[in-house]
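*Asks:* Residues in the first sequence are numbered consecutively from 14, following our numbering.
Note that the Cβ used here is the ideal one computed from N, Cα and C, for glycine as well.
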Amino acid sequence: MQQETLNFFDKVYAVAKLIPHGRVTSYGAIAKYLGAAKSARMVGYAMNGSSGKDVPAHRVVNRKGLLTGKHHFDGTNLMQQLLESEGVEVVENQIQNFEALFWDPAMEL
DNA sequence: GCCTTGACCACGG
DNA sequence: CCCGTGGCCAAGG
């Protein structure tokens with residue numbers, strides 16, 4: 014009987030891995046898909062442990078399309094470069110055409 | 001075992 | 001959109 018909390022983290026990783034290229038989603042969207050809409054914070058925290066995993070954390074941004082977590086990456090603009098590498102326009106830590114690139118698991122899945 | 005911090009979000013003003 | 005407040009859960013001190 015493993016811990017449910019660990020399941021939550023694992024779910025976050027699973028959903029993040031399902032994010033298609035050139036698309037982005039928000040912490041709240043993932044949390045809501047997992048049934049924990051109010052636990053959006055935990056999604057970001059889970060991402061903190063995504064280091065070393067196959068989780069594209071750079072595709073997960075906040076609700077405003079802002080790269081709030083770019084400071085947690087190795088470099089300063091690594092997250093932005095990764096997104097631009099997938100065809101996502103990012104200016105001043107903000108994703109351009111965010112609503113069009115937004116990928117909602119609860120909606121698309 | 002309590003207190004603070006944190007890659008957030010919703011609501012009210 | 002900005003500001004303040006509440007909530008949620010986990011990790012670190």
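Any idea which residues DSSP pairs V56 with across the strands?
*Replies:* According to DSSP, which records beta bridges pairwise, V56 is partnered with nothing at all.
*Asks:* Output needed for A44: all residues of its chain with C-beta closer than 6 Å, excluding positions within five of it in sequence on either side, in chain order.
*Replies:* Excluding sequence neighbours, A44 sits near A50, S52, A53, V56.
*Asks:* As a quick exercise: from L122, V74, L95, pick the residue whose alpha carbon is nearest that of V37.
*Replies:* The residue with the shortest Cα to Cα distance from V37 is V74.
*Asks:* Assuming G100 contacts R76 under a Cβ cut-off of 8 Å, what Cβ separation, rounded to an integer in Å, is found between them?
*Replies:* 22 Å between Cβ atoms; not a contact.
*Asks:* Identify every residue that forms a DSSP beta bridge with F115.
*Replies:* Answer by DSSP bridge pairing, in chain order: V37.
*Asks:* Measure the CB-CB distance between E97 and V103 and report whether it falls below 9 Å.
*Replies:* Yes, the pair counts as a contact, with Cβ atoms nearer than the cut-off.
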